[in-house]
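**Student:** Starting off with a structure, shown below.
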Amino acid sequence: MNMNKKKILVLFVLLLGGCVIWRSWSLYHTEKEKKQASERKIEAEKDSKPVTPKSKKEEPVKREPTKEELLEQEVEAKIRNMSAEEKVAQLFMITPEALTGVGQVVAAGESTKAALEACPVGGIIYFAQNFESPQQVKQMTANVQQYSRNRIGLPLFLSVDEEGGTVTRFGRNPAFQFDASVNMRELGRTGDTQAAYNLGTKLGTFLSDLGFNMDNAPVADVLSNPQNTVIGNRSFGSDCHMVSHMALAELKGMKDTGVIGVLKHYPGHGATTADTHTGYASTDATLEEMKGNELVPFIEGIRSGAEVIMVAHISCPGITGDTVPASLSKQMITDILRTDLGYQGIVITDALNMGAIAQEYTSGEAAVLAINAGADMLLMPVDFHEAYEEVLFAMQSGEISETRIEESLKRILSLKLCMDAG
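Oh and the sequence shown: position 135 is 135 in UniProt numbering, straight run, nothing missing.
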């Protein structure tokens, strides 16, 4: 009996173990089939979905350079290709006589061509003695421009002092039949800015037709000293705001004809009594006083986009604390005109052969001082070749940095290339 019980117990245990094993095997295969079915479903869903191509990394959109950027690139390329001698030459505006060594120039022929080959200056200023007839002037200016383009790939600034009225280079020559009879002070009293604009277009049209691209006008001096004779009737008057409105209207008239006007004579020659043509002249006004009067036309001119400003040889001890002429003063040009007033255009000196400069400085000294002060172009030194050699030596020796020279070249070349582009 005991043996039978043991057998039954063993059999029971075996049956129970078999059931457990079968159940486990059944569950394992069921789960496996479910998993396989699920995987097949996922694969089927993948196959049924459209294949989306992998997006390529988007290429950045290439921006076309602006006109300003293209101009800057062209200017920098030209400067890179210029020799030291060519760079320095571009800083000078001189008479055709100073360029060629000829006593009186009335044509641009082989001597002019050879002179420009040797020294491609930035500009030439002409006077009444250079003008015989309209056709003669047109031929002369056309020739000299062609020589410059062939030599250095740049046009010349061809300039003249044609203010109309007191200062005229054509009005007294019957061959040109140019009516220059205008009194600026009387015109200023009218307050007629349209008349001032018309004067600008009249001057610009006349000069452009003869081949000139720059006029040393308008006079933006405020006649704050009634005893002043050097400016006198050349000024639109003693009201700084009226002078500003009239001078800028005239400037716009010139620009609309393709002629570059020169706003002069910063910081304002109308406050002086003496004449810088003959010697020392000064104003004791402070900077704040001048900002409220003599500087107003220049401040407004800068805001209006004046392209060239001429700096006078007047001294401003009330501002600088010394007697250095504004044209040679870093404080007056770099610190005030450029930094304080924000002017970015070309600064040209008044004629360096005038008494206020020539009596105190050699041509070389004045030229180096003016460039280091911040001037871009040097007008009519007494001895051009001395001035040129001194500036070249100063650049090569480090007295004038090449960076300082290239700042001026960028302004000069930018305006020339814009002028060329129309």
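Idealized CB from N, CA, C, for every residue including glycine.
#1: Of the choices G342, K416, N353, M310, whose alpha-carbon is the least far from that of A375?
#2: For S282, which residues of its own chain have a beta-carbon under 8 Å away from its beta-carbon, when the five flanking residues on both sides are left out?
#3: Measuring CB to CB, does residue 432 end up less than 8 Å from Q331?
#4: Hey, which unbroken runs of the alpha helix (DSSP H) at 4 residues or more fall wholly within the region 339-399?
#5: CB K410 to CB V121, shorter than 8 Å?
#6: Measuring only the C-alpha atoms, how far is L223 from N353?
#7: Taking just the CA atoms, how far does L378 sit from A367?
#8: Am I right that R172 and F127 are in contact with their C-beta atoms under 8 Å? What's the rounded C-beta distance?
#9: Quick one, are the C-beta atoms of T257 and T205 less than 8 Å apart?
#10: Starting from V105, follow the alpha helix (DSSP H) in both directions and report where the run begins and ends.
#11: At which residues does the alpha helix (DSSP H) containing L210 begin and terminate?
#12: With three or more C-beta pairs closer than 8 Å as the rule, is the region 246-254 touching the region 182-201?
#13: Pairs of beta-carbons, one from the region 333-351 and one from the region 234-252, closer than 8 Å: are there three or more?
#14: Using only the alpha-carbon positions, how far apart do D383 and S363 sit?
#15: Where do the N-terminal and C-terminal ends of the alpha helix (DSSP H) with Y147 fall, by residue?
#16: Buried or exposed: which applies to A175, given that a residue is buried once 16 or more other Cβ atoms fall within 10 Å of its Cβ?
#17: Which residues bound the alpha helix (DSSP H) around L251?
#18: Assuming the contact rule is C-beta atoms closer than 8 Å, F236 and G188 should be a hit. Round their C-beta distance to whole Å, please.
#19: Starting from the Cα of V88, find the closest Cα among I319, S401, L295, S414 and give me that residue.
#20: Flag this pair as yes or no: are the beta carbons of G345 and V308 separated by less than 8 Å?
#21: Alpha carbon to alpha carbon, how far is S244 from A220?
#22: Residues in the same chain with beta-carbon distance under 7 Å from N228, minus the five sequence neighbours each way, listed in chain order, please.
#23: Is it buried or exposed for Q90, if we count other Cβ within 10 angstroms and need 16 for buried?
#24: Can you tell me the Cα-Cα spacing of I94 and I412, whole angstroms?
#25: Could you tell me the boundaries of the beta strand (DSSP E) in which M310 lies?
#26: State yes or no: is the C-beta of N130 within less than 8 Å of the C-beta of V167?
#27: Under 6 Å Cβ to Cβ from T100, same chain only, skipping five residues before and after it: list those, please.
#28: Taking the alpha-carbon of N233 as reference, which of S208, Y266, S181, D209 has the nearest alpha-carbon?
#29: Tell me whether M82 sits in a helix, a strand or coil according to DSSP, three-state version.
**Tutor:** Let me spell this out:
#1: M310
#2: T272, A274, I314, S315, C316, P317, T323
#3: It is not possible to answer for residue 432, since the shown part of the chain is limited to 1 through 422.
#4: 355-358, 363-373, 384-397
#5: no
#6: Rounded to the nearest whole angstrom, the C-alpha separation of L223 and N353 is 24 Å.
#7: 7 Å
#8: 12 Å between Cβ atoms; not a contact.
#9: yes
#10: Per DSSP, V105 belongs to no alpha helix (DSSP H) and is neither H nor E.
#11: Unbroken alpha helix (DSSP H) run through L210: 193-210.
#12: yes
#13: no
#14: Answer to the nearest angstrom: the Cα atoms are 6 Å apart.
#15: 134-152
#16: exposed
#17: 240-255
#18: 3 Å
#19: S401
#20: yes
#21: S244 and A220 have their C-alpha atoms spaced approximately 7 Å apart.
#22: G270, T272, T273
#23: Classification of Q90: buried, given that the 10 Å Cβ count is 16 or more.
#24: 15 Å
#25: 308-311
#26: no
#27: S111, T112, A115
#28: S181
#29: coil
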